[in-house]
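Residue numbers (the UniProt record's numbering), protein chains in the order written: chain A, 1 to 267; chain B, 1 to 267. For glycine and all other residues, C-beta sits at the position ideal for the given N, C-alpha and C. Quick caveat: nothing in here was measured; it's all calculated off a predicted structure. Scroll down for the structure; my scribbles are underneath it.
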DNA sequence: CGCGGGTGTCGAACACCGTGCGAGACTCTA
DNA sequence: TAGAGTCTCGCACGGTGTTCGACACCCGCG
């Protein structure tokens with residue numbers, strides 16, 4: 001329903017005004033309808049399964065009809081992204097910021113597993129749709145309630161999000177690759193192991209690590225990795241809060257360097 | 001030079017034997033040559049700039065000639081990935097595992113900025129080329145020297161890598177998007193800000209955070225985020241080492257729960 | 001010398017992709 | 001009834017990865 005769906009240098013779909021729909025019987029195609037169908041298509045067939053032609057066909061419409069409702073495919077992806085953002089549950093701060101933040105991370109992670117294609121969409125657009133904003137606000141509230149200063153809230157959220165994104169991205173890339181290309185998993189992993197046994201001759205200890213890892217079933221091993229990682233991230237944030245608290249308590253006695261200065265020196 | 005470059009269910013290029021090259025005057029095209037040209041193309045024009053046709057043209061050859069040396073594009077990407085992995089500098093453990101690991105992370109991050117397209121390649125293949133293996137070994141040595149148990153080494157490396165990947169991925173996605181699509185940055189950010197001012201009416205505190213952020217120049221803000229994040233990750237690992245050390249010291253006195261159990265409870 | 005087979009290159013073709021353009025149909029308002 | 005807006009869609013353009021079969025070259029062998 002936009003006056004015309006041209007991109008026209010608008011930074012995000014959301015910044016473009018939409019017109020009220022017409023009279024009574026609306027158009028055959030709706031933006032909501034298109035977005036929902038796109039999500040279904042992506043879930044069912046992965047990122048390569050979504051093409052304008054296929055999406056149109058699924059809706060019983062021509063491919064180019066979609067371009068009335070959406071400027072281009074990127075904009076459609078922006079809409080689709082915010083759509084699934086609406087799936088993640090949020091809750092007001094409970095008083096335990098670590099638990100709240102952990103729950104937020106888990107919620108995000110499970111979203112990404114439910115819709116494996118979203119992971120590639122993080123960062124490709126401003127993510128300022130209604131659901132995205134609500135989510136950002138919920139996370140910010142948790143940290144604010146936890147005593148984080150305004151300037152630190154963004155850093156802390158980014159840390160958690162970036163870790164979850166990176167972790168799930170590598171996990172999923174692997175899973176999807178195997179699912180797509182490999183027909184005989186047994187033989188495939190055996191071949192890989194054969195190669196590694198040879199190639200790791202120069203690095204015997206590495207071979208030991210990986211050999212052990214390869215024997216555990218994959219899903220459990222990956223879960224372990226994530227649980228380890230996210231808990232370390234939380235520990236790191238707690239250390240930060242504690243140190244900053246300590247610094248504040250000794251304020252005036254002697255001017256301690258700021259945490260940012262200490263970080264920068266360390267890095 | 002492979003007997004034939006068919007994919008044939010081999011899990012990685014590296015697992016396929018290569019034949020000795022022929023007589024004296026080698027072929028017009030070489031695998032090394034192709035890989036190097038591909039890296040140049042990717043650096044110059046981004047991921048979309050690399051197509052088999054364009055790559056062939058750059059080498060003064062037909063597109064399909066490449067398929068003699070490489071089974072398909074994915075395999076080429078695997079080769080290209082390991083090629084740039086050779087660029088990252090490693091050093092033997094210095095005795096300070098935190099400093100070593102931090103240096104490793106920085107090295108990785110700067111690699112990803114030098115070749116923005118690699119970030120999307122992490123996890124899409126086993127990453128077991130010669131350079132990748134050497135790198136993994138170097139990182140493992142650092143942590144082993146730092147007192148990490150074999151089973152923990154993989155977890156810790158994954159944590160650091162995943163954070164760096166996630167952080168750089170979101171950073172780069174944004175940078176590249178702006179660089180590609182936006183002609184008038186000034187007007188673009190202004191429009192975004194206008195939209196946000198309106199859309200964030202329900203979340204006034206969020207508006208304050210972001211408003212402050214938007215005023216700082218982007219590069220500095222992003223750098224700050226990364227420095228904050230990676231230092232929190234390191235803190236988290238240090239806490240872990242310290243706690244485990246404490247646990248070990250009190251061994252036998254009372255059976256404390258393992259760290260993994262504690263993590264799982266927390267998560 | 002001749003010749004078979006491996007090595008290497010390549011043009012044509014297939015089935016896709018995103019999307020600009022313009023024609024047309026339908027419906028509401030004046 | 002005229003006109004303006006809303007909405008659908010066929011065609012076409014220039015790209016993509018990859019398969020297939022034809023072809024040229026050079027080596028060692030008989």
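Between the C-alpha atoms of residue 264 (chain B) and residue 227 (chain A) there is a straight-line separation of about 7 Å. Judged by beta-carbon spacing, residue 195 (chain A) lies beyond the 8 Å limit of residue 174 (chain B), meaning their Cβ atoms are not closer than that value. DSSP, read as helix, strand or coil, puts residue 90 (chain A) in coil. For residue 10 (chain A), the closest Cβ of chain B is nearer than 8 Å. By the neighbour-count criterion, in which 16 or more other beta carbons inside 10 Å mark a residue as buried, residue 167 (chain A) falls on the buried side. Nearest Cα to residue 169 (chain B) within the set A:32, A:118, A:73 and A:123: A:123. For residue 208 (chain A), the residues of chain B that pass the 7 Å Cβ criterion are 150, in the order they occur in the chain. Annotation: residue 146 (chain B) is outside any alpha helix (DSSP H) and is labelled neither H nor E by DSSP. Within the same chain, Cβ atoms closer than 6 Å to the Cβ of residue 207 (chain B) are found at 200, the five residues on either side in sequence being excluded. With a threshold of 8 Å between beta carbons, residue 37 (chain A) makes no contact with chain B.
Within chain A, the residues 14, 128, 130 and 133 have their CB atoms less than 8 Å from the CB of residue 199 (chain B), given in chain order. A straight-line Cα-Cα distance of about 28 Å links residue 178 (chain A) and residue 35 (chain A).
If you check each beta-carbon in the stretch 63 to 85 of chain B against every beta-carbon of chain A, the ones closer than 9 Å belong to 74. Residue 126 (chain A) is positioned such that its CB atom lies closer than 8 Å to that of residue 12 (chain A).
For residue 33 (chain B), the closest C-alpha among the options B:56, B:49 and B:45 is that of B:56.
Residue burial is scored here from C-beta neighbours: residue 242 (chain B) has fewer than 16 other C-beta atoms within 10 angstroms and is therefore classed as exposed. At a C-beta separation below 9 Å, residue 228 (chain B) has these neighbours in chain A: 152, 155, 156, 158, 159, 240, 259, 260 and 263. Residue-level contact check: residue 196 (chain B) touches chain A, since one or more beta carbons of chain A fall below 8 Å from its beta carbon.
In this structure the stretch 139 to 157 of chain A does not touch the stretch 144 to 159 of chain B; the number of beta carbon pairs closer than 8 Å is below three. Taken in chain order, the complete alpha helix (DSSP H) segments of 4 residues or longer contained in the stretch 33 to 109 of chain B are 52 to 58, 66 to 69 and 73 to 85. For residue 81 (chain B) against residue 121 (chain B), the beta-carbon gap comes to about 5 Å, under 8 Å, which counts as contact. At least 8 Å separates the CB of residue 34 (chain B) from every CB of chain A. 102: these are the residues of the stretch 89 to 105 of chain B whose beta carbon lies less than 7 Å from some beta carbon of chain A, given in chain order.
Contact between the stretch 103 to 112 of chain A and the stretch 57 to 69 of chain A is not established, with fewer than three Cβ pairs separated by less than 8 Å. Ranked by how close their Cα comes to the Cα of residue 160 (chain B), the residues A:236, A:78 and A:43 have A:236 in first place. Taking 8 Å as the upper bound for CB-CB distance, residue 28 (chain B) and residue 61 (chain B) are in contact here, some 7 Å apart. For residue 188 (chain A), the uninterrupted alpha helix (DSSP H) segment begins and ends at 185 to 199. In the same chain as residue 58 (chain B), and ignoring 5 residues on each side of it, the C-beta atoms closer than 7 Å to its own belong to 37 and 41, in chain order.
In the displayed model, residue 124 (chain B) falls within coil according to three-state DSSP, outside both helix and strand. The three-state reading of DSSP puts residue 232 (chain A) in helix, counting H, G and I together. In chain order, 159, 163, 229, 232, 233 and 236 make up the part of chain B whose C-beta sits under 9 Å from the C-beta of residue 233 (chain A).
Using a Cβ-Cβ cut-off of 8 Å, residue 117 (chain B) does not count as an interface residue toward chain A, since no Cβ of chain A sits closer than that to its own.
Residues of the same chain with a CB within less than 7 Å of the CB of residue 156 (chain A), apart from the 5 flanking positions on each side, are 143, 148 and 237 in chain order. DSSP places residue 204 (chain A) in the helix class (H, G or I) of the three-state scheme. Rounded to whole angstroms, the separation of the alpha carbons of residue 75 (chain A) and residue 192 (chain B) is 15 Å.
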